[in-house]
Amino acid sequence: SRQGLGVTGGTPYGFDVGNSERGNVLKGLDLGVEGMKVGGQRLVIVPPELAYGKKGVQEIPPNATIESWMSNYYRSNRVHLGVL
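Each step along the sequence shown adds one to the number in the UniProt record's numbering, with nothing skipped, and position 5 is 5.
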């Protein structure tokens with residue numbers, strides 16, 4: 001389970017858009033939410049090369065494509081992701 005990311009109903013993970021270069025969020029998630037408005041929701045599909053690539057992480061296998069519904073709850077430049 002990825003409760004820390006809100007995938008199983010845990011606390012949603014928030015990040016500031018445009019900060020993937022700092023390593024706080026996957027590049028694919030950062031790119032996937034560009035232009036999202038407050039209250040907006042979308043399905044973001046992240047290919048392995050913009051996610052964890054060949055290494056994988058925890059229960060996410062190597063070369064996995066990540067799909068996540070994302071919602072922008074608060075500010076226009078901050079996104080919170082989880083299951084909607």
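All C-beta atoms, glycine included, are put in the ideal place defined by N, C-alpha and C.
This one's a predicted model, so the numbers in the text were calculated from it and none came from an experiment.
Name the DSSP beta bridge partners of residue i, please?
i     : result
Arg42 : Met70
Val57 : Ile60
Could you tell me the distance, in whole angstroms, from the CA atom of residue i to the CA atom of residue j?
i     : j     : result
Met70 : Gly40 : 8 Å
Val57 : Val38 : 30 Å
Thr65 : Val17 : 20 Å
Val46 : Phe15 : 16 Å
Let me know the secondary structure DSSP gives residue i once reduced to three states.
i     : result
Pro48 : helix
Lys27 : helix
Gly35 : coil
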